[in-house]
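What follows is a set of notes on a single structure, which appears directly below.
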Amino acid sequence: MKTKDLLQKLNQMDTIPIEEWPNDARNLIAQGLDDNDPEIRLTATILAWAVLDQALANRLLEMVRSDPSDDVRARAAICFGPVLEDWDTFGDDQTLVNVQQDTIDQIRDTFKRIYEDPTQPKIVRRRVLEASVRAPEEWHEEAARKAFRSDDEDWRVTAVFCMGFIPGFGDIVLKVLKEDTGDAQVEAVKSAGQLGLNEAIPNLNQIIRNEKADKELRIEALHALAAIADEASEEIFLEMTAHPDTELADAATDAFADYEENCGYALDDEFDDENDWEDSSVDDDDDDDDDDDDDDDDDDKERD
């Protein structure tokens with residue numbers, strides 16, 4: 008396929024939902040990853056996470072290590088974020104994770120090595136840290152703290168992103184959410200949702216209702232609020248679904264659907280806890296009945 012035609016097809020795929028991709032999408036992406044044109048390779052890496060399998064994982068890892076383009080290396084690293092998170096959640100179940108365990112190990116080792124090498128390009132080091140933290144390891148906590156202490160704003164943004172996947176950083180995320188602006192605040196909004204920080208709800212509500220706030224920030228705040236899934240948040244979702252800005256209204260509608268689903272999960276968990284308590288109570292009652300039976304037996308013996 009001609010380079011121009013391949014780029015056109017990849018760009019078209021980038022504008023439509025994954026379920027509408029052509030049947031040969033995986034092959035088109037594979038061709039793009041092997042193309043000599045860095046623009047085509049970059050576009051292919053943007054899409055590759057959605058069709059990642061063992062062969063593509065091998066190719067992408069090679070690109071992270073040695074592609075001539077730093078941007079391509081960085082974007083290839085991001086592709087591994089979802090599969091690392093799946094692996095961290097489901098283990099090496101091949102029905103849920105399409106990449107072999109030894110490849111996962113290679114990815115994690117490679118990313119740690121690249122991050123720790125100060126001679127590597129900053130964009131690549133940042134992206135391997137952001138991707139690898141989706142399956143947290145011990146070294147990530149100090150890496151996030153070091154990045155947050157940096158005078159480089161890019162590293163601070165990366166740090167706040169990473170804190171959304173590492174327990175124990177809620178206070179810092181809240182502080183950035185309240186006091187920072189720009190990209191750091193955007194990542195703090197996302198991390199607050201990722202961590203399920205109830206303490207962030209007032210600030211998220213304030214952002215959502217602030218007509219002077221950046222629209223994308225307001226949309227991210229809606230999704231974060233949906234992830235936290237506090238039952239008292241229903242009012243603001245209903246309010247925003249009627250917003251005159253159709254983009255905000257549509258985003259609120261989508262977030263509200265996620266919110267309702269997440270609240271359902273929370274209620275299911277609560278119901279399970281209640282059932283556990285009730286089962287325990289039944290067991291206690293049974294024990295009491297057994298004790299009563301023992302007492303009856305003792306009474307029978309005394310009568311005898």
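In case it helps, the working numbering puts the sequence shown at residues 8 to 311. We treat Cβ as the ideally placed atom computed from N, Cα and C, and that holds for glycine. Please read these numbers as outputs of a predicted model, since none were measured by experiment.
Collapsing the DSSP output to three states places Ile214 in a helix.
In summary, Ser240 is buried, with 16 or more beta-carbon neighbours lying within 10 Å of its beta-carbon over all protein chains present. In this structure, Ala51 lies near Leu40, with their beta-carbon atoms less than 8 Å apart. Here Val135 is near Tyr122, since their CB atoms are less than 8 Å apart. Look at Glu206 here: in three-state DSSP terms it is helix.
Of Asp252, Asp109, Pro75, Glu238, the smallest CA-CA separation from Glu268 is found for Glu238. The beta-carbon distance between Tyr266 and Ala220, rounded to whole angstroms, is 20 Å. This is too long to meet the 8 Å contact definition. When DSSP states are grouped into helix, strand and coil, Phe168 belongs to the helix group. Thr165 counts as buried, since no fewer than 16 other beta carbons sit within 10 angstroms of its beta carbon.
Only residues of its own chain outside the window of five on either side were considered, and among them Glu227, Ala228, Ala231 have a CB closer than 6 Å to the CB of Val196, listed in chain order.
Fully enclosed alpha helix (DSSP H) runs of no fewer than 4 residues occupy 61-73, 77-97 of the stretch 53-119, in order along the chain.
Val71 and Pro24 have their alpha carbons spaced roughly 26 Å apart. Two segments are said to touch when three or more pairs of C-beta atoms, one from each, lie closer than 8 Å; by this definition the stretch 153-162 does not touch the stretch 102-119. Within a 10 Å sphere around the beta-carbon of Met8 sit fewer than 16 other beta-carbons, which makes this residue exposed. In this structure, the straight-line span from the alpha carbon of Arg66 to that of Pro75 is close to 14 Å.
In the structure shown, Pro45 adopts helical secondary structure according to DSSP, grouped into three states. Sequence-distant partners of Trp146 (beyond 5 residues in either direction) whose C-beta falls short of 7 Å from its own C-beta, in its chain, are Lys119. Under the 10 Å beta carbon count, Ala81 is surrounded by 16 or more other beta carbons and is classified as buried.
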